[in-house]
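*Asks:* Per my numbering, the sequence shown starts with residue 17, numbered consecutively.
I'd like to ask you about the structure that follows.
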Amino acid sequence: MMPNTKPLLSRVADAVYWLGRYIERAENVARFLDVNHNLMLDLPQGFADQWQPIVDTTGDRALFLERYGTATRENVVRFLAFDPEYPNSIYSCVMFARENARSVRETISSEMWQQINALYLLITAESRKVAPDDLPGFCHQVRMGCHLIHGILHVTMSHNDAWQFIRLGCQLERADKTTRLLDVKYFILLPSLSDVGTPYDDVQWTAVLKSVSGFEMYRKRFGRISPERIAEFLLLDPEFPRALRYCISLADRSLHFITGTPVGSYSCPSEQRMGQLRSELDFANVEHILSGGLHEFCDAAQTKMNTIDECIVGDFFEQRKLMSSARA
Numbered sequence: 017m018m019p020n021t022k023p024l025l026s027r028v029a030d031a032v033y034w035l036g037r038y039i040e041r042a043e044n045v046a047r048f049l050d051v052n053h054n055l056m057l058d059l060p061q062g063f064a065d066q067w068q069p070i071v072d073t074t075g076d077r078a079l080f081l082e083r084y085g086t087a088t089r090e091n092v093v094r095f096l097a098f099d100p101e102y103p104n105s106i107y108s109c110v111m112f113a114r115e116n117a118r119s120v121r122e123t124i125s126s127e128m129w130q131q132i133n134a135l136y137l138l139i140t141a142e143s144r145k146v147a148p149d150d151l152p153g154f155c156h157q158v159r160m161g162c163h164l165i166h167g168i169l170h171v172t173m174s175h176n177d178a179w180q181f182i183r184l185g186c187q188l189e190r191a192d193k194t195t196r197l198l199d200v201k202y203f204i205l206l207p208s209l210s211d212v213g214t215p216y217d218d219v220q221w222t223a224v225l226k227s228v229s230g231f232e233m234y235r236k237r238f239g240r241i242s243p244e245r246i247a248e249f250l251l252l253d254p255e256f257p258r259a260l261r262y263c264i265s266l267a268d269r270s271l272h273f274i275t276g277t278p279v280g281s282y283s284c285p286s287e288q289r290m291g292q293l294r295s296e297l298d299f300a301n302v303e304h305i306l307s308g309g310l311h312e313f314c315d316a317a318q319t320k321m322n323t324i325d326e327c328i329v330g331d332f333f334e335q336r337k338l339m340s341s342a343r344a
């Protein structure tokens, strides 16, 4: 760890970082399933089935097609919610989060452990069924369970290095999923160019906003549905908690707290890469992003976040030798 931090074992840092990422990942999958279920009810009968794009959001399309083939509602729900062999299913994410929490029981609060365990037991019980009796109800329970974990984390744990690592993992995961969701909508979710600007298009963009609980805040800020303004809101808004810029800003703050390095300088590769991405977002504008290609921007942002994740592993979990001094 950094020489100017309070000591935190790399094993503990690794466990709580991934605890944050897995809880956030489980919540996001539940969000996507719930919103897509409601989207299919809102679209007219005979409209193209749109369960495959939810799989595409995860980046695991090839694995799904290999194991399940057709993207029916039942197959997608089983794959994303309950498949124990798929590491990014809700079941697997909560199980991994629980195992990480178990390994650091002395670091997290007992209330947090109890809530994680309760969520695991709920999902385990549902996974034994052929299909959930009430998919929206199940997704709501998962989301509320994850919200409780975040709330308990905030009010029962000291905001020390361990807490910052959990927030760091959560914010990076949240940022990644926002870019994936926006990317999929722009290039996959819309079945035909003829639907652009139609009420069907508005329904789908509304679903994107609801997937990140951003519909109400977007309407307060911009009013009417506009793809350009939605892209701006989800990528560059400095105040909405699921916007890419906001998430990276909080992740950057957590890194600086952990290392003790002054803002505007860096002492390790992860701080350097995070600072570069934060600066790009602070000075970006949506017109430039769209002119260069939204897909290209989202794909580049995901690559940069993957690199940041790799640097975090090297800087904190593998005890790689740090740079000798901070650089501006």
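Note that the Cβ used here is the ideal one computed from N, Cα and C, for glycine as well.
1. Who does Y202 pair with in a DSSP beta bridge?
2. Check for me: the alpha helix (DSSP H) holding D76 runs from which residue to which?
3. For A141, does the count of other Cβ atoms within 10 angstroms reach 16, so buried, or fall short, so exposed?
4. At which residue ranges does the segment 27-115 contain complete alpha helix (DSSP H) runs of 4 or more residues, listed in the order of the chain?
5. Excluding the 5 residues flanking A134 on each side, which residues of the same chain have their C-beta closer than 8 Å to its C-beta?
6. Look at the Cβ atom of Q318, then the Cβ atom of R235, and state whether they are nearer than 8 Å.
7. According to DSSP, is A247 helix, strand or coil?
8. Throw me the rounded Cβ distance for the S105 and A117 pair, which I believe falls under 8 Å.
9. From what residue to what residue does the alpha helix (DSSP H) around F154 run?
10. Please state if the CB of I168 and the CB of Q131 are separated by a distance shorter than 8 Å.
11. At which residues does the alpha helix (DSSP H) containing Y234 begin and terminate?
12. If you draw a straight line from the alpha carbon of V92 to that of A247, how long is it in whole angstroms?
13. Which same chain residues end up closer than 8 Å to T222 when comparing Cβ atoms and leaving out the 5 residues on each side of it in sequence?
14. Whole angstroms is fine: what's the gap from I70's alpha carbon to L81's?
15. Which residue's Cα is closest to the Cα of P285: D331, R94, W34, F313?
16. Taking only the alpha-carbon atoms, compute the straight-line gap between L271 and C327 and give it to the nearest angstrom.
17. Do Q157 and F273 have their CB atoms nearer than 8 Å?
18. Could you tell me which of I305, Y84, T74 sits nearest to P103, measuring between CA atoms?
19. Going by beta-carbon coordinates alone, are A46 and C155 separated by less than 8 Å?
20. Give me the Cα-Cα distance between H311 and K193, rounded to the nearest whole angstrom.
21. Relative to the alpha-carbon of V32, which residue among T123, R94, C109 has its alpha-carbon at the smallest distance?
22. Do I264 and A316 have their CB atoms nearer than 8 Å?
23. Whose C-beta lies closer than 6 Å to the C-beta of E189 among residues of the same chain, with five residues either side of it excluded?
24. How far does the alpha helix (DSSP H) with H175 in it reach, from first residue to last?
25. What does the alpha-carbon distance come out to for the pair R343 and S281?
26. What alpha helix (DSSP H) runs, 4 residues minimum, are completely inside the segment 257-300?
27. Spatial neighbours of D50 within its chain, please: C-beta separation below 6 Å, excluding the five flanking residues on both sides.
28. Going by C-alpha distance, which of S229, L198, K226 is nearest I305?
29. For I124, which of helix, strand or coil comes out of DSSP?
30. According to DSSP, is V302 part of a helix, a strand, or is it coil?
31. Using only the alpha-carbon positions, how far apart do T86 and E101 sit?
32. Along the chain, where does the alpha helix (DSSP H) containing L310 start, and where does it finish?
33. Closer than 7 Å by C-beta to G291: which residues in its own chain qualify, once you throw out the five before and the five after it? Chain order, please.
*Replies:* The short version:
1. Here the question's residue 202 lines up with position 186 in the sequence shown. Note: Y202 sits in no beta bridge, so no partner.
2. Along the sequence shown, read from residue 1 onward, the residue named residue 76 stands at position 60. D76 -> no alpha helix (DSSP H), and no H or E assigned at all.
3. Locating residue 141 in the sequence shown gives position 125, counting from the first residue. Of the residues assessed, A141 falls on the exposed side of the cut-off, its CB having fewer than 16 other CB atoms within 10 angstroms.
4. Here the runs fully enclosed are 68-74, 77-83, 89-93.
5. Reading the sequence shown from its first residue, position 118 is the one you call residue 134. If you ignore the 5 residues before and after A134, its C-beta comes within less than 8 Å of the C-beta of G161, all in its own chain and listed in chain order.
6. Residue numbering aside, residue 318 sits at position 302 when the sequence shown is read from its first letter. Residue numbering aside, residue 235 sits at position 219 when the sequence shown is read from its first letter. 8 Å or more divides the Cβ of Q318 from the Cβ of R235.
7. Working through the sequence shown from its first residue, we reach residue 247 at position 231. Correct three-state label for A247: helix.
8. Residue numbering aside, residue 105 sits at position 89 when the sequence shown is read from its first letter. Residue numbering aside, residue 117 sits at position 101 when the sequence shown is read from its first letter. Not a contact, Cβ separation roughly 18 Å.
9. Within the sequence shown, the letter at position 138 stands for residue 154. For F154, the enclosing alpha helix (DSSP H) stretches over residues 151-172.
10. Residue 131 sits at position 115 when you count from the first residue of the sequence shown. Residue 168 sits at position 152 when you count from the first residue of the sequence shown. For the pair Q131 and I168, the CB atoms are nearer than the 8 Å cut-off.
11. For this step, residue 234 is matched to residue 218 along the sequence shown. Going by DSSP, Y234 is part of the alpha helix (DSSP H) stretching over 231-238.
12. For the purposes of this step, residue 92 is taken as residue 76 along the sequence shown, with counting starting at 1. For the purposes of this step, residue 247 is taken as residue 231 along the sequence shown, with counting starting at 1. V92 and A247: Cα-Cα distance of roughly 27 Å.
13. Within the sequence shown, the letter at position 206 stands for residue 222. Correct list, in chain order: F231, I241.
14. Locating residue 70 in the sequence shown gives position 54, counting from the first residue. Locating residue 81 in the sequence shown gives position 65, counting from the first residue. In a straight line, the C-alpha of I70 is about 13 Å away from that of L81.
15. By one-based count along the sequence shown, residue 285 stands at place 269. Taking the Cα of P285 as reference, the smallest distance to any Cα among D331, R94, W34, F313 is reached at D331.
16. Along the sequence shown, one-based indexing puts residue 271 at 255. Along the sequence shown, one-based indexing puts residue 327 at 311. Cα to Cα, the separation comes out at about 12 Å.
17. What you label residue 157 is simply residue 141 of the sequence shown in a count that begins at 1. What you label residue 273 is simply residue 257 of the sequence shown in a count that begins at 1. Going by beta carbons, Q157 and F273 fall outside the 8 Å limit.
18. Residue 103 sits at position 87 when you count from the first residue of the sequence shown. The shortest C-alpha to C-alpha distance from P103 to any of I305, Y84, T74 is the one to T74.
19. In the sequence shown, counting from the first residue as 1, residue 46 sits at position 30. In the sequence shown, counting from the first residue as 1, residue 155 sits at position 139. Result yes, Cβ atoms of A46 and C155 sit closer than 8 Å.
20. Taking the sequence shown and counting its residues from 1, the one referred to as residue 311 is at position 295. Taking the sequence shown and counting its residues from 1, the one referred to as residue 193 is at position 177. Near 14 Å, if we compare the C-alpha coordinates of K193 and H311.
21. Within the sequence shown, residue 32 is the residue found at index 16, counting from 1. Distances from the alpha-carbon of V32 to those of T123, R94, C109 put T123 closest.
22. On the sequence shown, position 248 is the one that residue 264 refers to. On the sequence shown, position 300 is the one that residue 316 refers to. No, the Cβ-Cβ distance between I264 and A316 is not below 8 Å.
23. As a first step, residue 189 is located in the sequence shown; it is residue number 173 there, counting from the start. Result list for E189: R37, E40, R41, in chain order.
24. Position 159 of the sequence shown, counted from the first residue, corresponds to residue 175. From DSSP, H175 is part of no alpha helix (DSSP H); its letter is neither H nor E.
25. As a working mapping, residue 343 is identified with position 327 in the sequence shown. As a working mapping, residue 281 is identified with position 265 in the sequence shown. Residue confidence for R343 is low, a pLDDT of 31 falling below 50, so the modelled location carries little weight; the figure read from the coordinates is stated next. Distance from the CA atom of R343 to the CA atom of S281, rounded to whole angstroms, is 5 Å.
26. Within the segment 257-300, the complete alpha helix (DSSP H) runs of at least 4 residues are 260-275, 285-298.
27. Position 34 of the sequence shown, counting from 1, holds the residue named residue 50. Taking C-beta separations shorter than 6 Å and ignoring five residues to either side along the sequence, the partners of D50 in its chain run P152, C155, following chain order.
28. Numbered from 1 along the sequence shown, position 289 holds the residue referred to as residue 305. Checking every option, the nearest Cα to that of I305 belongs to L198.
29. For the purposes of this step, residue 124 is identified with residue 108 of the sequence shown, where counting begins at 1. If DSSP states are grouped into helix, strand and coil, I124 belongs with coil.
30. Mapped onto the sequence shown, residue 302 falls at position 286. Residue state, collapsed to three classes: helix.
31. Within the sequence shown, the letter at position 70 stands for residue 86. Within the sequence shown, the letter at position 85 stands for residue 101. A direct Cα-to-Cα measurement between T86 and E101 gives close to 18 Å.
32. The residue given as residue 310 occupies position 294 in the sequence shown. Here the alpha helix (DSSP H) through L310 covers 310-328.
33. Start at 1 with the first residue of the sequence shown, and residue 291 comes out as number 275. D268, Y282, listed in sequence order.
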